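Undergrad: Here it is, the structure, as structure tokens.
Number of protein chains: 2
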Amino acid sequence: MVKTLRLNRDRVLRAAIGLADEIGLEQLSMRRLAQELDVVPMALYKHVANKDELIDGMLDVIVTEIDPPAPGAEWKPAVRQRILAARQAMLRHRWAARAIEMRQAPTPAILAHMNSVIGIFRAGGLSATLTHHVMHALGSRVLGFTQELYAPDETRRPPDLTLFPHVLEIATAAAHENDSIVGAGCDDQFEFEFALDVLLDGFERLNDQNWTPPPFRYG
Amino acid sequence: MVKTLRLNRDRVLRAAIGLADEIGLEQLSMRRLAQELDVVPMALYKHVANKDELIDGMLDVIVTEIDPPAPGAEWKPAVRQRILAARQAMLRHRWAARAIEMRQAPTPAILAHMNSVIGIFRAGGLSATLTHHVMHALGSRVLGFTQELYAPDETRRPPDLTLFPHVLEIATAAAHENDSIVGAGCDDQFEFEFALDVLLDGFERLNDQNWTPPPFRYG
DNA sequence: ACCTGAACACCGTTCAAGT
DNA sequence: ACCTGAACACCGTTCAAGT
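Line by line, the protein sequences give chains A and B.
Quick note: the first sequence uses the numbering used here, first residue 1, plus one each step.
Quick note: the second sequence uses the numbering used here, first residue 1001, plus one each step.
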């Protein structure tokens, strides 16, 4: 009788995003999501083709949240702003980066975001070839995340590093506390911006030098 | 009667690596591996604690394959050589990068590799703090791979890029054929070395300028 | 048009039992 | 000490059936 509570694609995607925010991507299953919506698992398949398509749908919602570019800026601050805006969207949904990694093809919203960033480089005068390599060098950073190898985890006790003295020194070297090459506090704002600026400065230098691809490539 | 064909940890790891090389990490299951070894699934659990520990064991074998550092070189070529050697090991086992991403903590062999690279930076005169940030900026690259968002896949037809003209231009801009921002030929040797050199050059410049961390950090 | 229920072909892992 | 067999608690997805 309560027809207004019927499922639709939007309700499924929103519930899935909320559930992933709560329990993480690994725990998100079609069965668990169905349970959350008080529905039998197979009811979901009228609104998403399968689990992969569900995740694509979730990602498109997240990526569309990324703030639009600030108009009229120089290419370097403009790209910087756009990438940091993407990072904010990723921080709001900690599972999103993993989901992007898992998928085999970009969603339309991801293509649109990349198209926008490439457009900033091109409008700033970088050649198509340089922009190509620059986009590769940025990698996942263009979507606002770095694929951190070992995420912070306070629950697990830190590994014994006495056999790896250099790692130990570096792990305690950072200015901010709780920082460790294998522990907490990494991939934070500072590390992200540090690497981003090394890359953007490098791109600027290559562009200023009118970089062209080397004539021969082996392999 | 054929006691010599009994299982042991080494035989399990080798079979798992071979199987992953063949069918990929996603298809590798305890049951499939047991079948390959002509054994019942539970027989494996005498030699590896569980599937995660199996993958750690596989990774340690691969990472130990990485060529040792060339002694006596300058830090920049030495780090470069070490990272490109790691890349060779990753190329021999295409599933290894994904496996490293999946694991939540570094294996001993991975820690040893990182320790060795950090040691080269420190011996070259980079400060502990700069080395810390530099290691973060390298990310997975220190292990010889970049986490390519969208791997080549010749089986799937390329997406329609007419809505994303900048992406289309960039996709056809590279000097090598079969190249596409979403398609084949990327994360190849050239793209890897391009980004690596932008980063290493940037690190060198910061070190030459006696880089020190900024006094204040917000957040 | 949308939801249901049962079933299929898988998982990783436990437990108690065999040799 | 090492391997087995059955079972448990899950998966994603199919199919035919309900309303």
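For every residue, glycine included, the Cβ atom is placed at its ideal position computed from N, Cα and C.
Remember, it's a predicted structure, so these values are computed and weren't measured experimentally.
1. Check each residue of the region 105 to 118 of chain A: if its Cβ is closer than 9 angstroms to any Cβ of chain B, include it; give the result in chain order.
2. Under a three-way DSSP split, which group does Tyr-1045/B fall into?
3. Using CA atoms only, rank isn't needed, just tell me which of Asp-1160/B, Glu-1022/B, Gly-1119/B is closest to Trp-1075/B.
4. Hey, is the region 69 to 84 of chain A in contact with the region 137 to 150 of chain A, meaning 3+ C-beta pairs nearer than 8 angstroms?
5. By how many angstroms is the C-alpha of Gln-189/A removed from the C-alpha of Trp-1211/B?
6. Using a Cβ cut-off of 7 angstroms (strictly closer), state whether Ser-1029/B contacts chain A.
7. Kindly confirm or deny that the region 119 to 136 of chain A and the region 1115 to 1130 of chain B touch, where touching means at least three C-beta pairs closer than 8 angstroms.
8. Give a yes or no on whether 7 angstroms exceeds the smallest Cβ distance from Ala-1128/B to chain A.
9. Looking at the unbroken alpha helix (DSSP H) that takes in Phe-194/A, where does it start and where does it end?
10. Closer than 7 angstroms, CB to CB, is Glu-1074/B near chain A or not?
11. My assumption, with CB atoms under 8 angstroms, is that Pro-41/A sits in contact with Ala-34/A. Please give the rounded CB distance.
12. When we look at the beta-carbon of Glu-53/A and count the other beta-carbons within 10 Å, is it buried (16 or more) or exposed?
13. Short of 7 angstroms in beta carbon distance, which residues of its chain neighbour Leu-13/A, apart from the five on each side in sequence? Order them along the chain.
14. Under a three-way DSSP split, which group does Asp-21/A fall into?
15. Please confirm if Gly-1024/B has its CB atom under 7 angstroms from at least one CB of chain A.
16. Where do the N-terminal and C-terminal ends of the alpha helix (DSSP H) with His-1166/B fall, by residue?
17. Verify the CB distance criterion: does His-1093/B have a CB-CB separation below 7 angstroms to chain A?
18. Runs of 4 residues minimum, wholly inside the region 1106 to 1139 of chain B: which ones carry the alpha helix (DSSP H) assignment?
19. Compute the Euclidean distance between the alpha carbons of Gln-1104/B and Gly-72/A, then round it to the nearest angstrom.
20. Using beta-carbon positions only, say whether His-166/A and Asn-1115/B come within less than 7 angstroms of one another.
21. Ala-991/B by DSSP, collapsed to three states: which one?
22. Just to confirm, is the Cβ distance from Val-1198/B to Ala-137/A under 7 angstroms?
23. Tell me, please, whether the CB atom of Phe-1164/B is closer than 7 angstroms to any CB atom in chain A?
24. Classify Gly-125/A as buried or exposed, calling it buried when 16 or more other Cβ atoms lie within 10 Å of its own Cβ.
25. Run through chain A and tell me which residues come within less than 7 angstroms of Ile-1170/B, C-beta to C-beta.
26. Work out the CA separation of Val-1134/B and Leu-1161/B for me, nearest whole Å.
27. Kindly list, in the order they appear in chain B, the residues whose Cβ is closer than 8 angstroms to that of Pro-159/A.
28. Skipping 5 residues on each side, what residues in its chain have a beta carbon closer than 6 angstroms to that of Ala-1097/B?
29. Between which residues of its own chain and Ala-20/A is the CB-CB distance below 6 angstroms, once the five residues before and five after are set aside?
30. If we count the other Cβ atoms within 10 Å of its Cβ and call it buried at 16 or more, is Ala-173/A buried or exposed?
31. Quick one: what does DSSP say Cys-1186/B is sitting in, helix, strand or coil?
32. For the alpha helix (DSSP H) containing Leu-1091/B, name the first residue and the last one.
33. Tell me, please, whether the CB atom of Phe-194/A is closer than 7 angstroms to any CB atom in chain B?
34. Give the range of the alpha helix (DSSP H) segment to which Arg-98/A is assigned.
35. Can you give me the C-alpha to C-alpha distance between Tyr-45/A and Asp-201/A, rounded to a whole angstrom?
36. From Ser-180/A to Asp-10/A, what does the alpha carbon distance come to, in whole angstroms?
TA: Once the coordinates are examined:
1. Ala-105, Pro-106, Pro-108, Ile-110, Leu-111, Ala-112, Met-114, Asn-115, Ser-116, Val-117, Ile-118
2. Correct three-state label for Tyr-1045/B: helix.
3. Gly-1119/B
4. yes
5. 18 angstroms
6. no
7. no
8. yes
9. 189 to 208
10. no
11. Taking C-beta atoms under 8 angstroms as the contact rule, Pro-41/A and Ala-34/A qualify, at a distance of about 4 angstroms.
12. exposed
13. Only Gly-57, Met-58, Val-61 meet the Cβ criterion.
14. helix
15. Answer no: the Cβ-Cβ gap between Gly-1024/B and chain A never drops below 7 angstroms.
16. 1165 to 1171
17. no
18. 1108 to 1123, 1128 to 1138
19. When the Cα atoms are used, Gln-1104/B and Gly-72/A turn out to be separated by approximately 42 angstroms.
20. yes
21. No statement about residue 991/B is possible, as the shown extent of chain B runs from 1001 to 1219 and does not include it.
22. Yes. Within cutoff.
23. yes
24. By the beta-carbon neighbour count (other beta carbons within 10 angstroms, threshold 16), Gly-125/A is exposed.
25. What Ile-1170/B touches in chain A, judged by beta-carbon distance under 7 angstroms, is Ile-118, Ala-128, Thr-131, His-132, Met-135, going in chain order.
26. 36 angstroms
27. Ala-1105, Pro-1106, Leu-1111
28. Met-1090, Phe-1145
29. Leu-28, Trp-95
30. buried
31. At Cys-1186/B the pLDDT is 47, less than 50, meaning the model places this residue with poor confidence; the figure from the coordinates comes in the next sentence. In this structure, Cys-1186/B counts as coil in the three-state DSSP scheme.
32. Its alpha helix (DSSP H) spans residues 1075 to 1092.
33. yes
34. Counting along the chain, the alpha helix (DSSP H) containing Arg-98/A begins and ends at 96 to 102.
35. 48 angstroms
36. Confidence at Ser-180/A is low in this model, with a pLDDT of 44, below 50, so the placement of that residue should be treated as unreliable; the coordinate-derived value is given next. So the two alpha carbons sit approximately 40 angstroms from each other.
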